[in-house]
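Listed in order, the protein sequences are those of chains H and L. The opening position of the first sequence corresponds to residue 11 in the working numbering, with each subsequent residue numbered one higher. The opening position of the second sequence corresponds to residue 2 in the working numbering, with each subsequent residue numbered one higher.
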Amino acid sequence: MTIYDLTLAELRTKLDNRELSAVEVTNAYLERIAATNPDLNTFITVCNETALVEAQAADQAIAAGEVAPLTGLPIAAKDIFNTAGLRTTCASRILENYVSPYDATAIARIKAQKAVIVGKLNMDEFAMGSSNENSAFGAVRNPWNLEHVPGGSSGGSAASIAAHQAAAALGTDTGGSVRQPAAHCGVVGLKPTYGRVSRYGVVAYASSLDQVGPITRDVRDSALLLQAIAGYDSADSTSVDTPVPDYQANLTGDLKGMKIGLPKEYFIEGLDKDVRAAVEAAAATYKALGAEIIEVSLPHTSYAVACYYLIATAEASSNLARYDGVRYGLRDENAEKLIDMYMQSRATGFGAEVKRRIMLGTYALSSGYYDAYYIKAQKVRTLIRQDFLDVFEKVDTLLTPVAPTPAFALGEKTDDPLQMYLSDIYTIPVNLAGTCAMSLPGGFSTQGLPIGLQLIGKPFDEVTMLRTAHAFEQATEWHKRTPNFKV
Amino acid sequence: MRITRAEVEHVGRLARLALSDEELDSLTGEMDAILDYVEQLKTLDTEGIVPTAHAVPMENAFRADEVKPGFTPEQALSNAPDAAESAFRVRRVIE
Numbered sequence: 011m012t013i014y015d016l017t018l019a020e021l022r023t024k025l026d027n028r029e030l031s032a033v034e035v036t037n038a039y040l041e042r043i044a045a046t047n048p049d050l051n052t053f054i055t056v057c058n059e060t061a062l063v064e065a066q067a068a069d070q071a072i073a074a075g076e077v078a079p080l081t082g083l084p085i086a087a088k089d090i091f092n093t094a095g096l097r098t099t100c101a102s103r104i105l106e107n108y109v110s111p112y113d114a115t116a117i118a119r120i121k122a123q124k125a126v127i128v129g130k131l132n133m134d135e136f137a138m139g140s141s142n143e144n145s146a147f148g149a150v151r152n153p154w155n156l157e158h159v160p161g162g163s164s165g166g167s168a169a170s171i172a173a174h175q176a177a178a179a180l181g182t183d184t185g186g187s188v189r190q191p192a193a194h195c196g197v198v199g200l201k202p203t204y205g206r207v208s209r210y211g212v213v214a215y216a217s218s219l220d221q222v223g224p225i226t227r228d229v230r231d232s233a234l235l236l237q238a239i240a241g242y243d244s245a246d247s248t249s250v251d252t253p254v255p256d257y258q259a260n261l262t263g264d265l266k267g268m269k270i271g272l273p274k275e276y277f278i279e280g281l282d283k284d285v286r287a288a289v290e291a292a293a294a295t296y297k298a299l300g301a302e303i304i305e306v307s308l309p310h311t312s313y314a315v316a317c318y319y320l321i322a323t324a325e326a327s328s329n330l331a332r333y334d335g336v337r338y339g340l341r342d343e344n345a346e347k348l349i350d351m352y353m354q355s356r357a358t359g360f361g362a363e364v365k366r367r368i369m370l371g372t373y374a375l376s377s378g379y380y381d382a383y384y385i386k387a388q389k390v391r392t393l394i395r396q397d398f399l400d401v402f403e404k405v406d407t408l409l410t411p412v413a414p415t416p417a418f419a420l421g422e423k424t425d426d427p428l429q430m431y432l433s434d435i436y437t438i439p440v441n442l443a444g445t446c447a448m449s450l451p452g453g454f455s456t457q458g459l460p461i462g463l464q465l466i467g468k469p470f471d472e473v474t475m476l477r478t479a480h481a482f483e484q485a486t487e488w489h490k491r492t493p494n495f496k497v
Numbered sequence: 002m003r004i005t006r007a008e009v010e011h012v013g014r015l016a017r018l019a020l021s022d023e024e025l026d027s028l029t030g031e032m033d034a035i036l037d038y039v040e041q042l043k044t045l046d047t048e049g050i051v052p053t054a055h056a057v058p059m060e061n062a063f064r065a066d067e068v069k070p071g072f073t074p075e076q077a078l079s080n081a082p083d084a085a086e087s088a089f090r091v092r093r094v095i096e
C-alpha cells in the first residue's frame, strides 16, 4: 500500500510509530497531486512550499511528543476558506488575485493541531452549483469516469479525496454541496448541524444555510476531522455554545434499539433504479444489524427546492454586494463614474450562474415582491423544519438517497438551470431544517459510478448519525473501492 | 410571462450588475422559468405560520464591548485595487 492510500487514522498510527515522517507523507501527496491534477483539475492552488514547512514543524512536534490528532496529516481545503498568505478565489474571477490576510476558524483549528495544508480546491463559483462546472478555473472531472461531473459545489474537495490527492478535505454545504459531491465520488461527506462549526472566514453564500463539513475516505476519519473543527467560536455569533462530544469514542457498532426512518416522499418518480436499489439494500443491512426500519413522512419535501432557491438567492444577493471593486477583488479601471465602476467590475468578475442567483435574489427582496417571495419562502421553511422535528419524535435517523441519480455527464445539465437545481432535492431540505446529515458510500450503478446513502440526524446529534454510518461501513466494503484512475 | 425584460433590466440596476443585451434576453427567460417553478409555494396555506430566518432558534448574541487586536492598516489595504494614505481610493464622487 502506498502512502497516499492511507486514511487519516492509519497515517496517525504510522506517524506516531515513526514508520513515516510528516515530510515523507507530504511529499507523497504533493507528487500525487502533480501527477493527477492535469486530468482532474481539482486544485486551484497547490501549497508546494508552505506544505513542506508545515510538515517539518509537524515532525518537530511529533519528535517533542506534542502530538494532536491531526499533527502532520495532509488536508486540503475548498477555496472558499480564508487561508492567511494564500490565495482564496472562491473559483471566481472577481477574487482571482485575492490573498487572505487571515485564517478561517476551521483552518486555524486544524493548523493549531499542526495539520499540513496541501492546497486549495476547485469548486463552483461562490459555491453556487451542483456539478463544479461553474468554476472560473475550469470544470473538475470525476475520478470514477472523467466524462462525468464530480458533483458540486465542493466537487474539487470530493474528487481529490476519491483520487487520494489529500487524506481529507474541508468543504461547505449550503444545499448539499458536501454530501452530493461526496456521493458522486464515493467518499464520506458530513454536513454538521447549523451552528456546530464556525463559519468565520468562510466566504459567505447563504448565511442561514452555509455550514462547514469534512470530506474523508471513511466514517472514522469524518469523526476525527469534525472533532477538530466543531465547537463555539466567539467570532461567529451563530455558532452554538454546546459541548462537543467525543465522536470517535461513540463509533461502537451498536445499533440495538435504533429506529431508522425511510421518508416516503424521497422514493418518488425520477429516482434512478440503481440508487433506489442501493438505499433499499442499505435498509435491509440495517435491519440485519438490529435496527428497526420505519416508513415515515416529510410531507413538505416537494416544496423544498422552490423554498431554497428564494431564500439562498436572497441571502446571496445581499452577501455578494460586498464585491464592488473598492476594497478587494477585481476592479474595472475603465469606468468613468463610481457607479459604473461597481457595475462593470461585477459584470466582468462574476460568472453566469452567480449573476443569475444575484438577480433572482435581488428580485425576491425587491419592493413589491418581498412578501410574496421571500417571506412566503421563510414561512414554508418553518413547515419543512417542523416536518423533521415531528419525524424525529418517532425515529433516531433517516435513511435516504443523496441525489436522484449517480453523477451525470459533463455538459448534460448546463443549459437548464432548473434541472440542475432539482438534482439537490434530497439534500436541500436538511439545510432548510438546519439539522445534520451525511453521505456515505452505498454501492455502484450498472455504469460503475458510486452511489451515496444519506443519513439525516437529529439537530446536534452527529454522534448517533456517525455511529449509524460507521455500523453500515463495518458491514460493507463499498468505501474500500477506489477509482481505477491510473496516471 | 412572470417577469419582463424591462423588469430584469431594473433588477440589474438594483443589483449593480451591468448586463449585456444577450444576458438580458437569456436572464428574462431563465428567471421566468424559475419564477414559474417557485409559484407552487403559493398553493400552500401559510396563514399564521411564523417565518424562519434561522434554523437554530437563538436570541441576540451580546458580548462585552472590548478592544481586541485587529488588522493593521497595511493588512486591511493589502488587497486594495487602489490605496492612498491608509484609505481605499476610488474615482471622485462629488464634483
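Yeah, the Cβ is synthetic: ideal placement off N, Cα and C, and Gly gets one too. Predicted, not measured: the structure shown is a model, and the values here were computed from it.
Same chain only: Cβ atoms within 6 Å of residue i, ignoring 5 sequence neighbours per side
i	result
Thr415/H	Asp282
Cys195/H	Pro160, Ala168, Ala169 and Ala172
Lys423/H	Gln429 and Met430
Those residues which DSSP pairs with residue i across a bridge
i	result
Ala84/L	Phe89/L
Ser217/H	According to DSSP, which records beta bridges pairwise, Ser217/H is partnered with nothing at all.
Glu305/H	Leu272/H
Met448/H	Leu200/H and Leu465/H
Val212/H	Phe91/H
Val56/H	Gly129/H
His310/H	Answer by DSSP bridge pairing: none, since His310/H is not bridged.
Ala419/H	His158/H
Phe454/H	Pro460/H
Pro70/L	Paired residue(s): none; Pro70/L is not in a bridge.
Arg97/H	Val109/H
Thr182/H	Val222/H
Start and end residues, beta strand (DSSP E) containing residue i
i	result
Gln221/H	Gln221 to Thr226
Val128/H	Val126 to Leu131
Pro586/H	Lying outside 11 to 497, the shown extent of chain H, residue 586/H is not represented and no answer is given.
Pro1/H	The shown model of chain H, from 11 to 497, leaves out residue 1/H, and the question about it has no answer.
Within 9 Å, strictly: CB atoms of residue i and residue j
i	j	result
Pro273/H	Val306/H	yes
Ala86/H	Phe53/H	yes
Ser376/H	Ala193/H	no
Ile35/L	Tyr431/H	yes
Tyr108/H	Tyr338/H	yes
Ala287/H	Gly462/H	no
Pro224/H	Phe495/H	no
Arg3/L	Glu40/L	yes
Asn260/H	Arg477/H	yes
Ser327/H	Ala16/L	yes
Glu76/H	Ala214/H	no
Ala322/H	Ala216/H	yes
Val212/H	Asn92/H	yes
Leu18/L	Ala357/H	yes
Ile43/H	Gly129/H	yes
Lys124/H	Leu80/H	yes
Ile304/H	Ala116/H	no
Ile50/L	Lys389/H	yes
Cut-off 8 Å between Cβ atoms - residues of its own chain near residue i, not counting five sequence neighbours on either side
i	result
Pro427/H	Glu363 and Arg366
Cβ separation of residue i and residue j, assumed to be a contact under 8 Å, to the nearest whole Å
i	j	result
Gln465/H	Thr407/H	A small fix is needed here, since residue 465/H is Leu in this sequence, not Gln. About 5 Å; that satisfies the 8 Å criterion.
Lys88/H	Ser164/H	5 Å
Gly444/H	Ala56/L	2 Å
Phe402/H	Lys468/H	5 Å
Leu501/H	His158/H	Any question about residue 501/H goes unanswered here, given that chain H covers just 11 to 497.
Thr295/H	Thr486/H	7 Å
Leu320/H	Ala177/H	Their Cβ separation, rounded to whole angstroms, is 38 Å, which puts Leu320/H and Ala177/H out of contact at 8 Å.
Ile270/H	Ala301/H	5 Å
Lys386/H	Thr53/L	Actually they do not touch by this definition, with Cβ atoms about 12 Å apart.
Ser140/H	Gln190/H	6 Å
Glu275/H	Thr311/H	4 Å
Asn144/H	Asn132/H	At roughly 11 Å, the Cβ-Cβ gap does not stay under 8 Å, so Asn144/H and Asn132/H are not in contact.
Tyr7/H	Gln237/H	Absent from the model: residue 7/H. The displayed extent of chain H is 11 to 497, so no value can be given.
Same chain, Cβ closer than 7 Å to residue i, five either side skipped, listed in chain order
i	result
Ile438/H	Gly185, Gly186, Ala314, Val315 and Tyr318
Leu50/H	Val150, Arg151, Pro153, Ala169 and Ala173
Leu62/H	Val33 and Thr36
Ala68/H	Ala32, Thr81, Gly82, Lys124 and Val126
The alpha helix (DSSP H) enclosing residue i, as first and last residue numbers
i	result
Gly205/H	Note, Gly205/H: premise wrong, no alpha helix (DSSP H); not H, not E.
Ala291/H	Lys283 to Ala298
Ala137/H	First-last for Ala137/H: undefined, no H or E at that position.
Glu31/L	Asp22 to Val39
Glu363/H	Ala362 to Leu375
Met430/H	Pro427 to Leu432
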